[in-house]
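Student: Heads up: the sequence shown runs through residues -18 to -1, 1 to 100, numbered per mature numbering (1 follows the signal peptide of the UniProt record, and there is no 0). The beta-carbon is built from N, C-alpha and C at its ideal position, and this holds for glycine as well. Note that the structure is predicted; figures quoted are calculated from it, not measured. Have a look at this one before I ask anything.
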Amino acid sequence: MLVPLLLLLLATASPAAGDGGATPVVNPFSYFCNSTTVRRTFLPNSRFAANLATLAAALPRNASASPGGVFSAGAFGAAPDTAYGSCSAAATSRARRARRAWRPGSATPRRTAPTAAT
């Protein structure tokens, strides 16, 4: 009984001291891109969140400007707050609708993202 409680305590994310009580944001991509069972989190208005927002805005533009308009990949920011990403032609064809799904000033998508029919 003590071991599961200890594991639960270790797996729970807590905000860093001196952050004003901000709650961490769970990165939804960590479920697909994570090699461990530890949930990856970042704080709102953090340097990583700003890097992720900048990267998300730049990738569709870069993909459409690339030779053939097929693919773009890149990174933004310095370690340990570097954000990595890639964008394919399918994403660039829907880039305008995808940009509307992002909340201003946030690196997380809205719950109601546009569908292929919109």
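1) Beta strand (DSSP E) containing Gly56: first to last residue?
2) Consult DSSP for Ala61 and reduce its assignment to one of helix, strand or coil.
3) Give the straight-line distance between the Cα atoms of Gly56 and Ala47, rounded to the nearest whole angstrom.
4) If you draw a straight line from the alpha carbon of Tyr66 to that of Ala39, how long is it in whole angstroms?
5) Could you tell me the alpha carbon to alpha carbon distance between Phe24 and Cys69, rounded to whole angstroms?
6) What residues are listed by DSSP as bridge partners for Ser70?
Tutor: Considering the structure as presented:
1) Position 74 of the sequence shown, counting from 1, holds the residue named residue 56. Per DSSP, Gly56 belongs to the beta strand (DSSP E) from Phe53 to Phe58.
2) In the sequence shown, residue 61 corresponds to position 79, counting from 1. In the three-state scheme derived from DSSP, where H, G and I count as helix and E and B as strand, Ala61 is classed as coil.
3) Translated into the one-based positions of the sequence shown, residue 56 becomes position 74. Translated into the one-based positions of the sequence shown, residue 47 becomes position 65. Taking the straight line joining both Cα atoms gives about 14 Å.
4) If you number the sequence shown from 1, residue 66 lands on position 84. If you number the sequence shown from 1, residue 39 lands on position 57. The C-alpha of Tyr66 lies about 13 Å from the C-alpha of Ala39.
5) The residue labelled residue 24 in the question sits at position 42 within the sequence shown. The residue labelled residue 69 in the question sits at position 87 within the sequence shown. Straight through space, the alpha carbons of Cys69 and Phe24 are spaced by roughly 22 Å.
6) Start at 1 with the first residue of the sequence shown, and residue 70 comes out as number 88. According to DSSP, which records beta bridges pairwise, Ser70 is partnered with Phe53.
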